[in-house]
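Residue numbers (this note's numbering), protein chains in the order written: chain A, 62 to 202; chain B, 62 to 202.
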């Protein structure tokens, strides 16, 4: 039994940031945030969360799995819509508390449940009281 | 005083997803996740969090502000390093619980405190027991 928690070790920060060990840091709810981008365009498609099982299934199958916080359920993206995400690459950030997935989207290529290619289809526009959301132009829709 | 909370209204989901009102949904800790990308290359640079004040300052000044969860402090990115992020565009996702910032990075252009242009400099490689992090090749470094 160790006296210090792992992150208190002098070399732990360096290992976390520079090492080869993949040690994702899940939050208090057992989740890690994941940014998913289109592997060819680089566009940010969505932000979602994974628990350990979703991450493991993603890595084992090469198909993106997430944890749905609203449904409290493991979620193989595209199961009902056919918009399955084939994983091209999985990246982790410096302190290993965020993931980046580069994917190819199957089916009609629309990632968002609203029918857009990306969930980020609105841009904040205007100033002060005139601030509002403007629908951004999308490629391919 | 309303009987139903706003999200229970039949039109609330549609307004949240399709409307022009910017109503960011902060979590139980008062934070919203933010993905920051390089406005010209589209590369994902970092994932961070904003509280209401950080978001307001970002929108008011055009310079990215975040909330540091480790330091529990408002954080004007680049204040000490000179790597200030000039905001080109702010986007919100379908259910308004994630932000996307497109920025130009000042100074030497390195976003990560480790000296990389992006915090996502390692890729998960290998299978099973051989799984490890491989340092990804970076442009411009």
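From the three backbone atoms N, C-alpha and C, an ideal C-beta is built for every residue, glycine too. Please read these numbers as outputs of a predicted model, since none were measured by experiment.
Check: Within this structure, are the beta carbons of residue 166 of chain B and residue 184 of chain B separated by less than 7 Å?
Finding: no
Notebook entry, point to check: Do the CB positions of residue 97 of chain B and residue 164 of chain B come within less than 7 Å of each other?
Noted result: yes
Check: From residue 80 of chain B to residue 74 of chain A, what distance separates their C-alpha atoms?
Finding: 43 Å
Check: How long is the line joining the alpha carbons of residue 127 of chain A and residue 156 of chain B, rounded to whole angstroms?
Finding: 17 Å
Check: Going by beta carbon distance, what residues of the same chain come within less than 6 Å of residue 152 of chain A, once the five residues before and after it are set aside?
Finding: For residue 152 of chain A, the CB contacts under 6 Å within the same chain, skipping 5 residues up- and downstream, are 161 in chain order.
Notebook entry, point to check: Going by Cα to Cα distance, which pick from A/94, A/142, A/139, A/115 is closest to residue 154 of chain A?
Noted result: Comparing Cα positions, the closest option is A/94.
Checklist line | Beta-carbon proximity check, residue 193 of chain B vs residue 186 of chain B, cutoff 7 Å | finding: yes
Notebook entry, point to check: What residues in the stretch 69-85 of chain A have a beta carbon less than 8 Å from any beta carbon of chain B?
Noted result: 78, 79, 80, 81, 82, 83
Item checked: Proximal residues of chain B, C-beta to C-beta of residue 159 of chain A below 7 Å -> Identification of chain B residues near residue 159 of chain A by a Cβ-Cβ cut-off of 7 Å yields 108, ordered along the chain.
Check: Just by C-beta distance, which residues in the stretch 145-173 of chain A are closer than 7 Å to chain B?
Finding: 150, 151, 152, 153, 154, 155, 159, 161, 173
Notebook entry, point to check: Excluding the five sequence neighbours on either side, which residues of its own chain have a C-beta within less than 7 Å of the C-beta of residue 137 of chain B, listed in chain order?
Noted result: 124, 126
Note to self: Quick test of your reading: residue 191 of chain A and residue 168 of chain A, contact by CB under 8 Å. State the CB separation rounded to the nearest angstrom.
What the structure shows: Contact doesn't hold; Cβ gap of about 38 Å is too wide.
Margin query: Can you list, in chain order, the residues of its chain with a C-beta nearer than 6 Å to that of residue 111 of chain A? Leave out the 5 residues immediately preceding and following it.
Written below: 93, 95, 127, 128
Next item on the list: Measure how close the beta-carbons of residue 106 of chain A and residue 172 of chain A come, nearest whole angstrom, since I'm counting them as under 8 Å.
Entry: 4 Å
Note to self: Considering only the alpha carbon of each residue, which of B/102, B/175, B/135 lies closest to residue 117 of chain B?
What the structure shows: B/135
Margin query: Quick check on the DSSP output: what are the complete alpha helix (DSSP H) runs of length 4 or more inside the stretch 67-148 of chain A, in order along the chain?
Written below: 73-79, 113-122
Margin query: Is the separation between the beta-carbon of residue 182 of chain A and that of residue 197 of chain A shorter than 7 Å?
Written below: yes
Notebook entry, point to check: So is residue 119 of chain A in contact with chain B if we call contact Cβ pairs under 7 Å?
Noted result: Output row for residue 119 of chain A: interface = no.
Item checked: Chain-ordered neighbours of residue 181 of chain A on chain B, where CB pairs are closer than 9 Å -> 96, 152, 153, 154, 155, 159, 160, 161
Next item on the list: Report yes or no: is there a C-beta of chain A within less than 7 Å of the C-beta of residue 122 of chain B?
Entry: no
Checklist line | Counterpart residues of residue 195 of chain A in DSSP-defined beta bridges | finding: A/184
Margin query: Could you check whether the Cβ of residue 202 of chain B sits closer than 7 Å to any Cβ belonging to chain A?
Written below: Interpretation of residue 202 of chain B is limited by its pLDDT of 39, a score under 50 that renders its predicted location unreliable; no figure is taken from the coordinates.
Notebook entry, point to check: Can you check whether the CB of residue 108 of chain B is closer than 7 Å to the CB of residue 159 of chain A?
Noted result: yes
Notebook entry, point to check: Taking Cβ positions only, does residue 139 of chain A come closer than 7 Å to chain B?
Noted result: no
Check: With distances taken between CB atoms, is the gap from residue 207 of chain A to residue 103 of chain B smaller than 7 Å?
Finding: Outside the modelled stretch of chain A, which goes from 62 to 202, sits residue 207 of chain A, for which no answer is possible.
Margin query: Determine, for residue 191 of chain A, whether the minimum Cβ-Cβ distance to residues of chain B falls below 7 Å.
Written below: No, residue 191 of chain A lies away from the interface with chain B (no Cβ there is under 7 Å from its Cβ).
Next item on the list: With DSSP as the reference, please indicate the residues paired to residue 163 of chain B in a beta bridge.
Entry: DSSP, once it has assigned bridges, lists B/98, B/150 as partnering residue 163 of chain B.
Check: Counting only beta-carbon atoms, is residue 135 of chain B nearer than 7 Å to chain A?
Finding: no
Notebook entry, point to check: Within this structure, are the beta carbons of residue 149 of chain B and residue 113 of chain B separated by less than 7 Å?
Noted result: Result no, Cβ atoms of residue 149 of chain B and residue 113 of chain B do not sit closer than 7 Å.
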